[in-house]
Amino acid sequence: MEYLSDLFLVFDSLCDEWDVYKVETVGDQYVAAVGVVTGKINTEVLSLASRGDRTVESVNGAGEDEVREAAAWNAEALLKFALAIIGGARQVDVPKTTTPSPTLKVGVHSGSCMSGIVGTKNLRFCLFGDAMNTAARM
Numbered sequence: 004m005e006y007l008s009d010l011f012l013v014f015d016s017l018c019d020e021w022d023v024y025k026v027e028t029v030g031d032q033y034v035a036a037v038g039v040v041t042g043k044i045n046t047e048v049l050s051l052a053s054r055g056d057r058t059v060e061s062v063n064g065a066g067e068d069e070v071r072e073a074a075a076w077n078a079e080a081l082l083k084f085a086l087a088i089i090g091g092a093r094q095v096d097v098p099k100t101t102t103p104s105p106t107l108k109v110g111v112h113s114g115s116c117m118s119g120i121v122g123t124k125n126l127r128f129c130l131f132g133d134a135m136n137t138a139a140r141m
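Quick note, the sequence shown lines up with residues 4 to 141 if you use our numbering.
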């Protein structure tokens, strides 16, 4: 259990480094996404809104070029994050008593999804849709 905790701490710090949002951990699975909360368009719009130049409604007015650029930026960030977690996992000491030796598997998928806050007692931010279902099966 300590190994997973150490591993996920490394992944969490890499999320901050690559602007990746950790969606959840389920057992030994680590689910992360880009462009959901920390996307490039959102950052630019919030920056404009904080200066009073525009309102957050500007996201709806983002042009096709901006959306395409943000998608490319998000894809690059996710792939770099995937490579970084592979390298980060190598830095975490595996207990000698762990049998069989853990294997890291990384899956990357892209597509649209819906998001929302679920629950009343324990609120959780969740992602839904075909893209998430496909990613879960990887």
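Here a beta-carbon is modelled for each residue, glycine too, at the ideal position from N, C-alpha and C.
A quick note: this is a predicted structure, and the numbers were derived from the prediction, not measured.
Report task. Could you have a look at residue 30 and say whether DSSP puts it in helix, strand or coil? Result -> Reduced to three states, the DSSP call for residue 30 is coil.
Report task. Counting only the same chain and skipping the five closest in sequence on each side, list residues whose C-beta sits under 8 Å from that of residue 119. Result -> So the list reads 128, 129, 131, once near-sequence residues are dropped.
Report task. Can you give me the Cβ contacts of residue 87 inside the same chain, cut-off strictly under 8 Å, excluding the 5 residues immediately before and after it? Result -> Correct list, in chain order: 17, 20, 21.
Query raised in the report: Out of curiosity, what's the CA-to-CA distance linking residue 72 and residue 115?
Result: If you draw a straight line from the Cα of residue 72 to the Cα of residue 115, it comes to about 16 Å.
Query - Minimum C-alpha distance to residue 138 - residue among 32, 103, 89, 99 - result: Residue 32 holds the alpha-carbon nearest to the alpha-carbon of residue 138 among 32, 103, 89, 99.
Query raised in the report: How should residue 75 be labelled, buried or exposed, when 16 other C-beta atoms within 10 angstroms of its C-beta is the threshold for buried?
Result: Exposed, by the Cβ-count rule.
Query raised in the report: Is the CB-CB distance between residue 92 and residue 10 below 8 Å?
Result: Here residue 92 is near residue 10, since their CB atoms are less than 8 Å apart.
**Report entry** Member of 82, 112, 97 whose CA lies at the smallest distance from the CA of residue 133
**Finding:** Ranked by Cα distance from residue 133, the first of 82, 112, 97 is 112.
Query raised in the report: In the DSSP assignment, what residue or residues form a beta bridge with residue 24?
Result: Paired residue(s): 36.
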